[in-house]
Amino acid sequence: MYVREKRAKWGLIFCLPFLATFLIFQFYPILYSLYLSFTYQENSRTFIFTGLDNYQDLLHDAVFWKSVANTWKIWLMCFIPQLVAALLLAVLLTQYRIRGAGFFRAVFYLPNLVTAASVGVLFAALFDWQTGSVNGILQSLGLIEEKVNWMGSPAFAQGITGFIQWWMWFGYSSILLTAGITAISQEIIDASVVDGANNWQRLYRITLPLLKPTLLYVLVTSLIGGMQIFDIPMTLTKGDGEPQKSLMTMVLYLYNMAFKNKDYSYGATISYGLFIIILLFSILFFKVLYGKKEEG
15 MYVREKRAKW
25 GLIFCLPFLA
35 TFLIFQFYPI
45 LYSLYLSFTY
55 QENSRTFIFT
65 GLDNYQDLLH
75 DAVFWKSVAN
85 TWKIWLMCFI
95 PQLVAALLLA
105 VLLTQYRIRG
115 AGFFRAVFYL
125 PNLVTAASVG
135 VLFAALFDWQ
145 TGSVNGILQS
155 LGLIEEKVNW
165 MGSPAFAQGI
175 TGFIQWWMWF
185 GYSSILLTAG
195 ITAISQEIID
205 ASVVDGANNW
215 QRLYRITLPL
225 LKPTLLYVLV
235 TSLIGGMQIF
245 DIPMTLTKGD
255 GEPQKSLMTM
265 VLYLYNMAFK
275 NKDYSYGATI
285 SYGLFIIILL
295 FSILFFKVLY
305 GKKEEG
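Below you can see the structure in the form of structure tokens.
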């Protein structure tokens with residue numbers, strides 16, 4: 015009994031640094047930002063409690079809702095092709111013996127190791143309409159006659175941002191899906207082969223249903239990351255979200271309000287609006303995938 019209590023005591027002691035760090039740098043800021051969202055900032059040090067006024071203003075804020083629409087549009091441009099490409103790659107690497115499969119996984123994962131800000135700066139240089147390499151290559155191939163101002167078009171700007179996100183994250187998703195497929199019992203696969211199931215039937219009837227937990231994880235983590243997209247629009251537009259505010263995402267709008275306009279109260283309100291959106295859609299996705307209980 016004494017030994018058990020002694021171990022528990024030392025376990026608590028070793029946990030204290032983490033608990034102290036979490037309480038100071040995470041839990042306290044969460045509570046303080048929640049408090050700020052219910053206040054009006056009179057000056058840099060004075061905050062007046064105003065109840066739900068900030069949230070009412072948020073509901074009628076046209077720029078906020080435009081940032082919500084932009085964020086969802088960019089995320090969908092990224093996630094749908096990302097999931098398709100990652101699933102196809104995972105199936106190819108697990109069901110077929112491809113030489114150098116580990117090498118390909120590493121190559122596809124490499125973009126995820128580069129910081130998003132660095133990638134944003136790189137693509138801003140590539141798609142610069144005056145000096146960028148993209149226009150130079152297309153002109154040398156005879157595909158365009160005059161230089162295209164890629165970042166001057168809302169559609170092109172959002173498409174480029176979605177492509178960057180896809181390029182950075184589909185390798186990560188493919189590794190997760192590959193791990194999920196590998197974890198499926200080989201006995202189930204062998205039994206389906208004996209029953210005469212072809213590759214498509216095994217994928218649709220066995221692999222995808224058993225892959226639901228991994229798919230849900232990929233979906234929710236992609237949603238969380240997609241709703242928080244900041245680095246790429248920030249570096250591509252230098253923070254203004256142009257053209258026509260098409261790259262004004264929720265977190266970029268939060269940054270502009272809180273750190274450029276110094277309106278910390280409204281910035282905190284935007285952050286909790288973002289939290290509510292992510293929470294609601296995460297629950298919705300969970301219900302869609304696991305809403306129907308399996309009959310046993």
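For the sequence shown, the numbering used here gives the first residue as 15, with consecutive numbering after it.
Think of the CB as a built atom: it goes at the ideal place given N, C-alpha and C, for glycine as much as any other residue.
Since the structure is predicted, the reported quantities are computational estimates derived from the model, not experimental observations.
Apply the 10 Å Cβ neighbour rule to residue i and answer buried if 16 or more other Cβ atoms are within range, or exposed otherwise.
| i | result |
| --- | --- |
| residue 96 | buried |
| residue 75 | buried |
| residue 281 | buried |
| residue 73 | exposed |
| residue 53 | buried |
| residue 27 | exposed |
| residue 46 | exposed |
| residue 137 | buried |
| residue 100 | buried |
| residue 104 | buried |
| residue 178 | buried |
| residue 102 | exposed |
| residue 146 | buried |
| residue 114 | exposed |
| residue 7 | Nothing can be reported for residue 7: it is not among the residues displayed for the chain, which extend from 15 to 310. |
| residue 151 | exposed |
| residue 293 | exposed |
| residue 210 | exposed |
| residue 221 | buried |
Would you give the residue range spanned by the beta strand (DSSP E) that residue i belongs to?
| i | result |
| --- | --- |
| residue 63 | 61-63 |
Under the assumption that residue i contacts residue j (Cβ atoms under 8 Å), give the Cβ distance between them as a whole number of angstroms.
| i | j | result |
| --- | --- | --- |
| residue 266 | residue 241 | No, residue 266 and residue 241 are not in contact; Cβ-Cβ is about 12 Å, not under 8 Å. |
| residue 123 | residue 189 | 6 Å |
| residue 263 | residue 68 | Between residue 68 and residue 263 the Cβ distance is about 20 Å, and since that is not below 8 Å, they are no contact. |
| residue 50 | residue 61 | 7 Å |
| residue 84 | residue 261 | 7 Å |
| residue 131 | residue 254 | Actually they are not in contact, since the Cβ atoms of residue 131 and residue 254 sit about 16 Å apart, beyond 8 Å. |
| residue 279 | residue 55 | 4 Å |
| residue 143 | residue 162 | 6 Å |
To the nearest angstrom, how far is it from the Cα of residue i to the Cα of residue j?
| i | j | result |
| --- | --- | --- |
| residue 58 | residue 276 | 8 Å |
| residue 194 | residue 187 | 11 Å |
| residue 148 | residue 259 | 23 Å |
| residue 134 | residue 38 | 32 Å |
| residue 291 | residue 205 | 43 Å |
| residue 296 | residue 303 | 11 Å |
| residue 309 | residue 166 | In this prediction, residue 309 has a pLDDT of 44, which is less than 50 and means its spatial position is unreliable; what the coordinates show is noted afterwards. Their backbone Cα atoms lie some 54 Å apart in a straight line. |
| residue 121 | residue 155 | 28 Å |
| residue 174 | residue 164 | 9 Å |
| residue 71 | residue 64 | 12 Å |
| residue 176 | residue 23 | 50 Å |
| residue 272 | residue 219 | 49 Å |
| residue 269 | residue 212 | 52 Å |
| residue 125 | residue 93 | 16 Å |
| residue 180 | residue 25 | 42 Å |
| residue 199 | residue 88 | 36 Å |
| residue 32 | residue 169 | 45 Å |
| residue 158 | residue 172 | 21 Å |
| residue 192 | residue 299 | 21 Å |
| residue 216 | residue 108 | 13 Å |
| residue 182 | residue 234 | 17 Å |
| residue 116 | residue 42 | 43 Å |
| residue 139 | residue 40 | 36 Å |
| residue 82 | residue 153 | 36 Å |
| residue 34 | residue 288 | 27 Å |
| residue 78 | residue 203 | 49 Å |
| residue 257 | residue 91 | 18 Å |
May I ask you to list the residues that DSSP assigns as paired with residue i?
| i | result |
| --- | --- |
| residue 54 | 62 |
From what residue to what residue does the alpha helix (DSSP H) around residue i run?
| i | result |
| --- | --- |
| residue 231 | 226-241 |
| residue 311 | Residue 311 is absent from the structure shown; the chain starts at 15 and stops at 310. |
| residue 284 | 278-304 |
| residue 265 | 264-269 |
| residue 218 | Run containing residue 218: none; DSSP gives neither H nor E here. |
| residue 207 | 200-208 |
| residue 211 | Where residue 211 is concerned, there is no enclosing alpha helix (DSSP H), given that its DSSP letter is neither H nor E. |
| residue 152 | 147-154 |
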